[in-house]
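In what follows, a structure is listed as structure tokens, so that the remarks can point back to it.
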Amino acid sequence: MPRPFHFKIKIFSMALYETVFIARQDLSADDVDALTGKFTKIITDGKGKIVSREYWGLRNLAFKVKKNSRGHYVLLNIKCEYPVVAELNRVMSYNEDIIRSAIFNVESHRDESSLFASQTAKDYKPGKSQAKPNSIDSLIDQIQIDI
Amino acid sequence: MSIKKADEGYVKVSLVNQSVFIRKKKSCPLRSIPLPEITYKNLKLLNKFLSERGKILPSRITNVVPKKQKALANAIKIARQLALISPIKKEF
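Chains A and B, in that order, are what the protein sequence lines are.
Taken in order, the first sequence gives residues 1 to 147; the numbers are from the working numbering.
Taken in order, the second sequence gives residues 1001 to 1092; the numbers are from the working numbering.
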């Protein structure tokens, strides 16, 4: 016999997520930090946790997106339940300062940052690579493909 | 029948009256790189598996294992959406 509706309680387990969003090129470093602060508040209100955050700098885009040729890249590593991420996705899609955004469900977070990055936009120094040297970089150089 | 190593890519097989060259099987170029390392952030790796025009190279040319080719293709498609890689490189 099926249970009545009020007995059904959906339990969401804590999962690991990775979000990347691109902010408009006109924004200053303080604006980007304020924007990420807005999103971290959504997650902490939903009893989630931010494992780490990265700022990749004002990078050149490969093609123009909404009349922008450059953009601020920010990555957030999150541990929270699914409805919190759904809310974050909704808020990010409505925000006009954000050009593109993406959320991935991942099995584990990586400690090393692959692109040159700093924690906040204020600390970022252009031209200086602040990422740790990746152990696999030397292996990638050895790959040779002859067509 | 005797087998001699003629070249790096080929193996010379000499039968009774004739000798034939057989192409050796190439191994996967990503054998030393673990699967979780193939992500959209690793642009250095992804650019090696694109053609001059920016297309994904097929595995019959690069000899990548099917599991890693799938991960590679997914990573490239995500990187294109985030404007890290251009989908087409035009010649001028």
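Note that the Cβ used here is the ideal one computed from N, Cα and C, for glycine as well.
Practice task
Return the CA-CA distance between Thr-44(A) and Ala-1075(B), expressed in angstroms with no decimal places.
Solution key: 29 Å
Practice task
Name the two residues that bound the continuous alpha helix (DSSP H) containing Arg-1060(B).
Solution key: Element bounds for Arg-1060(B): 1059-1062.
Problem - Spatial neighbours of Thr-19(A) in its chain, beta-carbon cut-off 6 Å, leaving aside the 5 residues before and after - result: Same-chain partners within the cutoff: Leu-76 and Ile-103.
Practice task
Return the chain-ordered list of same chain residues with a C-beta closer than 6 Å to the C-beta of Thr-36(A), the five sequence neighbours on each side being excluded.
Solution key: Val-74
Handout entry: Within 8 Å, strictly: CB atoms of Ile-99(A) and Gly-57(A)
Key = no
Problem - Contact belief for Val-85(A) with Tyr-17(A) at Cβ below 8 Å, rounded distance in angstroms - result: 5 Å
Handout entry: Spatial neighbours of Lys-1048(B) in its chain, beta-carbon cut-off 6 Å, leaving aside the 5 residues before and after
Key = none
Exercise for the section: State buried or exposed for Gln-1069(B), treating a residue as buried only when at least 16 other CB atoms are found within 10 Å of its CB. Expected result: Gln-1069(B) should be labelled buried.
Practice task
Let me know if Tyr-94(A) comes out buried or exposed under the rule of 16 or more other beta-carbons within 10 Å of its beta-carbon.
Solution key: exposed
Exercise for the section: Use the C-beta contact count for Phe-39(A): other C-beta atoms within 10 angstroms, 16 or more gives buried, fewer gives exposed. Expected result: buried
Practice task
Apply the 10 Å Cβ neighbour rule to Lys-66(A) and answer buried if 16 or more other Cβ atoms are within range, or exposed otherwise.
Solution key: exposed
Handout entry: Min CB distance Val-32(A) to chain B below 8 Å
Key = no
Handout entry: Phe-101(A), DSSP secondary structure in three states
Key = According to the sequence shown, residue 101(A) is Ser rather than Phe. Looking at Ser-101(A) - three-state DSSP - the assignment turns out to be strand.
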